[in-house]
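In this note's numbering, the protein residues as written are 1052 to 1188. Quick reminder that beta carbons are idealized off the backbone N, C-alpha and C, glycines included. Because the structure is a prediction, the values reported are computed rather than measured.
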Amino acid sequence: MNVDGIFLLAVVMMMMLLEVADGTIMCSSCRSDVNPKCEIDPPPPQPCVDLGSGGVESCSTVRIFNEETGKLTQFVRSCSDSVKQDTPCFHHRPGYKTCADICYTDGCNAAANLATPMQLVLTGLFLSVLFVKLKMS
């Protein structure tokens, strides 16, 4: 296979990867009551699954505080079909304040420096193709 054939194959593979990822946001998902490290060491983002609500288009980070003590009682990262509210904090249960941050890009509710698996695959594929193309020219 010549260089142009390899380049064409790489472009087709990138298009297929983008098609798979199209419309599916990737979010980190964990709960501090199940995983105590959820707040400081979240799992890597994974594709969200549409549960029939019309599409998962956002990620959320939710903090639940005890109003009397001000102590964080639960921390949750998840996929969401919510939209950002004018007021990020609200009273959902008596005695507790819930604060939710909604975001709209892959991995936005994970650690700040964590690249999503899809970003890593696409970057690696692009750099490999570019290297081969330049080396063979």
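DSSP three-state label for residue i, please.
| i | result |
| --- | --- |
| K1135 | coil |
| S1079 | coil |
| V1049 | One cannot answer for residue 1049 here, as it falls past the ends of the chain, which runs 1052 to 1188. |
| T1124 | strand |
Give the single residue among the options whose Cα lies nearest to the Cα of residue i.
| i | options | result |
| --- | --- | --- |
| A1161 | N1086, D1092, P1087, D1084 | D1092 |
| S1083 | D1137, P1096, D1101, R1114 | R1114 |
| E1118 | A1151, F1141, V1134, L1178 | F1141 |
| D1152 | P1145, S1129, T1124, D1101 | S1129 |
| T1138 | G1146, P1145, C1150, R1144 | C1150 |
| C1159 | K1088, P1096, Q1136 | P1096 |
Compute the distance between the beta-carbons of residue i and residue j, then report whether it is under 8 Å.
| i | j | result |
| --- | --- | --- |
| S1080 | P1094 | yes |
| P1098 | T1112 | no |
| M1077 | D1157 | yes |
| E1090 | F1116 | no |
| T1124 | Y1155 | no |
Is residue i close to the ligand NAD? I mean its beta-carbon at under 7 Å from any heavy atom of the ligand.
| i | result |
| --- | --- |
| H1142 | With respect to the ligand NAD, the structure offers nothing, as it holds no ligand at all. |
So residue i is in the beta strand (DSSP E); what residue range does that whole segment cover?
| i | result |
| --- | --- |
| K1148 | 1147-1154 |
| I1115 | 1109-1117 |
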